[in-house]
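Chains A and B, in that order, are what the protein sequence lines are. So the working numbering is basically just the index in the first sequence, starting at one, shifted up by 11. So the working numbering is basically just the index in the second sequence, starting at one, shifted up by 11. Beta carbons are placed, not taken as given, at the ideal position from N, Cα and C, and that holds for glycine. The structure displayed is predicted, hence computed values, not measured ones.
2 protein chains.
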Amino acid sequence: MSDLLERLRGRGWRMTAQRRVVAEVLDGDHVHLTADEVHARAVSKLPEISRATVYNTLGELVSLGEVREVSTDQRAKRYDPNAHRPHHHLVCAQCGAIRDVHPSGNPLADLPDSERFGFTISGVEVTYRGVCPNCTAA
Amino acid sequence: MSDLLERLRGRGWRMTAQRRVVAEVLDGDHVHLTADEVHARAVSKLPEISRATVYNTLGELVSLGEVREVSTDQRAKRYDPNAHRPHHHLVCAQCGAIRDVHPSGNPLADLPDSERFGFTISGVEVTYRGVCPNCTAA
DNA sequence: CCCCTGACTTGGATGACGTCCAATGCCTGC
DNA sequence: GCAGGCATTGGACGTCATCCAAGTCAGGGG
């Protein structure tokens with residue numbers, strides 16, 4: 012993750028304790044925290060950090076392309092630090108668990124011109140829904 | 012749409028003026044209204060209808076499988092009366108316009124077992140993003 | 001045809017999530 | 001170090017949605 016911090020500094024990001032903590036919280040695979048969860052974890056490392064700063068920082072990381080914003084349900088947005096390797100998501104309908112997945116096909120190729128209605132297509136998101144092993148067992 | 016009303020009555024739905032109006036508003040292709048838009052249109056036909064009733068009725072139509080809930084952005088949920096023919100969505104990143112599309116591939120077949128993490132997959136949603144002809148021109 | 005009952009409707013309170021703002025704090029280049 | 005400007009703060013505000021208790025109404029039984 013420190014490479015992320017280096018990269019950001021290189022882009023002229025002013026480094027502060029708050030931003031460092033937020034970046035640290037967003038580390039790892041299959042991490043998909045809500046803003047509130049990020050804030051809760053950040054507080055445990057830096058008690059005086061405010062919600063507004065977490066929202067600001069997350070928004071900046073998204074604009075910089077370092078973090079992806081994911082809406083798997085109609086609840087709070089989630090933040091996915093795995094922004095550099097394209098992937099899609101698999102969501103448990105019961106507990107909300109999320110895994111990153113890499114399907115083999117190319118959905119963009121599957122949309123014929125006749126179904127594009129003159130749009131200039133720029134991207135596609137795929138969300139698989141199902142029930143995770145834990146919830147199936149229960 | 013009256014066939015929808017017939018079907019619902021057949022399932023023991025108590026028919027009321029409010030429900031009829033909501034069902035009428037949700038008619039047509041490429042219709043993806045928010046709850047508030049549904050309410051606004053319903054009010055013009057039945058001035059005293061309340062927001063709560065619109066939310067209740069939309070929720071029931073969704074449980075009955077007659078309407079699909081769609082979250083194309085992180086704003087308000089949208090309601091899609093085209094629930095019987097499977098399809099995906101194409102969204103304009105600028106104006107938010109939504110079209111129903113029918114890609115040729117089968118995304119479910121594109122997810123190998125090794126990428127299923129033990130989940131029991133039940134469905135998949137695909138959202139194409141781009142810019143519509145109107146916004147491209149502007 | 002009317003009445004009764006349980007389902008439906010209402011609107012206002014409540015809650016989750018996110019944004020905005022003016023005042024203050026504190027990086028960083030000089 | 002100092003200054004200037006970007007970053008942080010927290011509390012108000014906004015949007016979308018849900019909840020609730022009280023009143024209303026659809027439609028089957030008599």
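With a threshold of 8 Å between beta carbons, Arg140 (chain A) makes contact with chain B. Using a CB distance cut-off of 8 Å, Lys88 (chain B) counts as an interface residue toward chain A.
In this structure, Val142 (chain B) and Gln85 (chain B) do not form a Cβ contact; the two beta carbons are roughly 19 Å apart against a cut-off of 8 Å. One thing to note: Pro118 (chain B) has its Cβ no nearer than 8 Å to the Cβ of Pro144 (chain A). Any Cβ of chain B closer than 8 Å to the Cβ of Ile132 (chain A) would place that residue at the interface, and such an atom is present. For Glu126 (chain A), the nearest CB of chain B lies under 8 Å from its own CB, placing it at the interface with that chain. DSSP places Val73 (chain B) inside the alpha helix (DSSP H), whose first and last residues are 62-74.
Around the beta-carbon of Arg110 (chain B), 16 or more other beta-carbon atoms lie within 10 Å, marking it buried.
The C-beta distance from Thr131 (chain A) to Thr83 (chain B) rounds to 17 Å, too long to meet the 8 Å contact threshold.
Chain order gives the chain B residues near Gln85 (chain A) as Ser82, Lys88, where near means a beta carbon separation below 7 Å. Out of B:Val137, B:Ala63, B:Asn67, the CA that lies nearest to the CA of Asp121 (chain A) is found in B:Val137.
For Leu57 (chain A), the CB contacts under 8 Å within the same chain, skipping 5 residues up- and downstream, are Ala28, Gln29, Val32 in chain order.
Bounds of any beta strand (DSSP E) do not take in Ser55 (chain B); it lies within the alpha helix (DSSP H) bounded by 46-56.
At a cut-off of 8 Å, the C-beta of His100 (chain A) has no neighbouring C-beta in chain B. The Cβ of Arg110 (chain B) sits closer than 8 Å to at least one Cβ of chain A. Contacts with chain A at 8 Å (Cβ-Cβ) include Leu122 (chain B). Contact check for Leu101 (chain A) against Phe128 (chain B) passes: the beta carbons are separated by less than 8 Å.
Assignment of Cys106 (chain A) by DSSP, reduced to helix, strand and coil, places it in the coil class. Counting along the chain, Arg140 (chain A) sits inside no alpha helix (DSSP H); it lies in the beta strand (DSSP E) bounded by residues 131-142.
Contact check for Leu75 (chain A) against Tyr90 (chain A) fails: the beta carbons are separated by 8 Å or more.
Identification of chain B residues near His113 (chain A) by a Cβ-Cβ cut-off of 7 Å yields Glu126, ordered along the chain.
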